[in-house]
Amino acid sequence: MKSKAPQNDPAVLLYEPRIEGHHLGWLRFITEDLLGAGYKLTLAIDTRPNALARIRGHMGGLLDKVNILSAVQSNSTRIDAKLVAKCLRESGAQSVFLNSFDEIASDVLRNAAWGKMPPRALRGKLGGVYLRPRFLVEEEFSFNNLLKRIGFGRLVRGNWFSHLLFLDPLARENGLKRFPTAPFFFLPDPYPENFVVDAAEARRALQVPEGRRVFLFYGGAYRRKGLHLAVEAFRRLAPQTPALLLCAGQQAEDPDIKSGLDELVRRKQAVVINRYVSEQEEKQLFAASDAVLLPYVNHFGSSGVLSRAAGAGKMIIASDEQLVGRLVRENGLGIVFPSGDIDYLQASIQRSINTGEAQMRKWQSSSQKFGQLCSRGAFHDALLCSFVKH
Numbered sequence: 494m495k496s497k498a499p500q501n502d503p504a505v506l507l508y509e510p511r512i513e514g515h516h517l518g519w520l521r522f523i524t525e526d527l528l529g530a531g532y533k534l535t536l537a538i539d540t541r542p543n544a545l546a547r548i549r550g551h552m553g554g555l556l557d558k559v560n561i562l563s564a565v566q567s568n569s570t571r572i573d574a575k576l577v578a579k580c581l582r583e584s585g586a587q588s589v590f591l592n593s594f595d596e597i598a599s600d601v602l603r604n605a606a607w608g609k610m611p612p613r614a615l616r617g618k619l620g621g622v623y624l625r626p627r628f629l630v631e632e633e634f635s636f637n638n639l640l641k642r643i644g645f646g647r648l649v650r651g652n653w654f655s656h657l658l659f660l661d662p663l664a665r666e667n668g669l670k671r672f673p674t675a676p677f678f679f680l681p682d683p684y685p686e687n688f689v690v691d692a693a694e695a696r697r698a699l700q701v702p703e704g705r706r707v708f709l710f711y712g713g714a715y716r717r718k719g720l721h722l723a724v725e726a727f728r729r730l731a732p733q734t735p736a737l738l739l740c741a742g743q744q745a746e747d748p749d750i751k752s753g754l755d756e757l758v759r760r761k762q763a764v765v766i767n768r769y770v771s772e773q774e775e776k777q778l779f780a781a782s783d784a785v786l787l788p789y790v791n792h793f794g795s796s797g798v799l800s801r802a803a804g805a806g807k808m809i810i811a812s813d814e815q816l817v818g819r820l821v822r823e824n825g826l827g828i829v830f831p832s833g834d835i836d837y838l839q840a841s842i843q844r845s846i847n848t849g850e851a852q853m854r855k856w857q858s859s860s861q862k863f864g865q866l867c868s869r870g871a872f873h874d875a876l877l878c879s880f881v882k883h
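Throughout the sequence shown, residue numbering follows our numbering, covering 494 to 883 in sequence.
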């Protein structure tokens, strides 16, 4: 993945105050790609000892190649555009790129709707990845979306953005319909390189029993991710059903979910890894699975788990809502079910167990084909294209 060195704006501030979920993986990807293209980087990150140790463990020697500023706010968990502007001034960079523009979007857009614009230092220099631009996709009226739509329009017309990247192609398309010359780009939600490992070895390493169809639930046990639905669906399966729930990731303290998982473990219908998993373990989890569960509830936007499932060539069972449901349906990646419906989820799990090998191979083939569109290389090319063209 060789890239041409930048001709303009060679110094960039990457603003990423978070360490949970996808944030560190994206920080590493973007840092790798921009450094590889010749950009000089300053990272505004969480510099508290525990957070910094976790970041360094994920980033390795990359932190030694960049300047570091603190993006910690002592008085609030909300990200203030004033702090972003302060970091930009201190960095001496020509632009700021927020790995999640959503961190400041709500306040910035609503303020702009009332005529209160961001700090002047950000004008023409504000870019990033906009994960959840609801007002560009949702058709139902809401006053909040109306305010954001007005504020967004004022910022675009005032040339505040250097470039914005959208994970949902529909959001970008709708944005360009309103503002045809705006610096809007599509960015695929990526999975790591060399993501496929040996399935048999992965099952042995994770102590997954043989003779089962394995369904992976990966990530935090937030209600919107739907683990409670997956647990209940598995509890309702007949005891002799050859299915196993492989649940991995740091779990929230939800007593109902914990009780349900404990029951499934006792019944030998679940394997639970309740902790932060390493990159190698992540690869093993997807390799060891036959299907990946995405029973999201009111989830808006993309899913890194979906991209990883595609990268590993796995079929998917997902809620039929928003972008995730649309991608699974339109690309033939697996089965969709009505969001929140445990009976339909259970039936979908049972259907995938009863499905013949020909249909499974068809789902897997479609998944592999879609995976090429959200590969690490596709992410790299789309990211650098947006920097060159802005």
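Each residue gets a CB set at the ideal place from its N, CA and C atoms; glycine is no exception.
Remember, predicted model here, so these are calculated numbers, not experimental data.
Residue i, buried or exposed, once every other Cβ within 10 Å from all chains shown has been counted against 16
i    : result
Y837 : buried
P681 : buried
Y508 : buried
L602 : buried
K490 : No answer is possible for residue 490: it lies beyond the span of the chain, which begins at 494 and ends at 883.
K495 : Reliability of the predicted coordinates at K495 is poor, the pLDDT of 44 falling under 50, and the value obtained from them is presented with this limitation in mind. By the neighbour-count rule (16 or more Cβ atoms within 10 Å), K495 is not buried but exposed.
A731 : exposed
G742 : buried
Rounded distance between the beta-carbons of residue j and residue i, thought under 8 Å
i    : j    : result
L657 : G620 : 6 Å
A811 : G797 : So it is not a contact: roughly 14 Å between Cβ atoms.
D813 : F793 : Not really, about 14 Å apart at Cβ, beyond 8 Å.
L576 : V589 : Incorrect: roughly 11 Å between the Cβ atoms, too far for contact.
F672 : V649 : 5 Å
A809 : A784 : Residue identity check: residue 809 is Ile in the sequence provided, not Ala. Contact holds; Cβ gap of about 7 Å.
G864 : Y789 : About 20 Å; that fails the 8 Å criterion.
G531 : P503 : 7 Å
Per-residue DSSP class, three states only, for residue i
i    : result
V770 : coil
N543 : helix
H656 : strand
T674 : coil
I457 : For residue 457 there is no data in the structure shown, the boundaries of the chain being 494 and 883.
S796 : coil
N560 : strand
Y532 : coil
F830 : strand
A714 : coil
C580 : helix
L507 : strand
A811 : strand
Y684 : coil
R918 : For residue 918 there is no data in the structure shown, the boundaries of the chain being 494 and 883.
R627 : helix
A586 : coil
A805 : coil
Length of the line joining the Cα atoms of residue i and residue j
i    : j    : result
A692 : S782 : 8 Å
V505 : K558 : 13 Å
A714 : E756 : 16 Å
S868 : L629 : 25 Å
Q777 : R616 : 45 Å
L556 : F645 : 34 Å
T540 : V622 : 22 Å
I597 : R705 : 45 Å
L527 : R521 : 10 Å
A805 : T535 : 33 Å
T848 : Q839 : 14 Å
K807 : Q861 : 8 Å
I548 : Y711 : 21 Å
G753 : F727 : 9 Å
F634 : L669 : 20 Å
Q857 : C878 : 30 Å
L787 : G818 : 9 Å
P748 : A544 : 27 Å
P685 : A871 : 11 Å
E772 : E725 : 29 Å
P626 : L517 : 21 Å
R696 : H721 : 24 Å
R768 : E775 : 12 Å
Closest Cα partner of residue i within the set the options
i    : options                : result
C740 : T734, L730, A731, V770 : V770
M552 : I538, K718, S563, V565 : I538
N592 : H515, N767, P612       : H515
K761 : L737, L787, H721       : L737
L816 : L722, F872, N543, A664 : A664
V689 : E823, G742, V790, A780 : A780
R717 : S584, G833, G742, R696 : G833
A875 : V565, S584, A578, P662 : P662
P611 : F636, D573, D595, L866 : D573
Interface flag, residue i vs chain B, CB-CB below 9 Å
i    : result
F659 : In summary, chain B is missing from the structure at hand, where a single protein chain is found.
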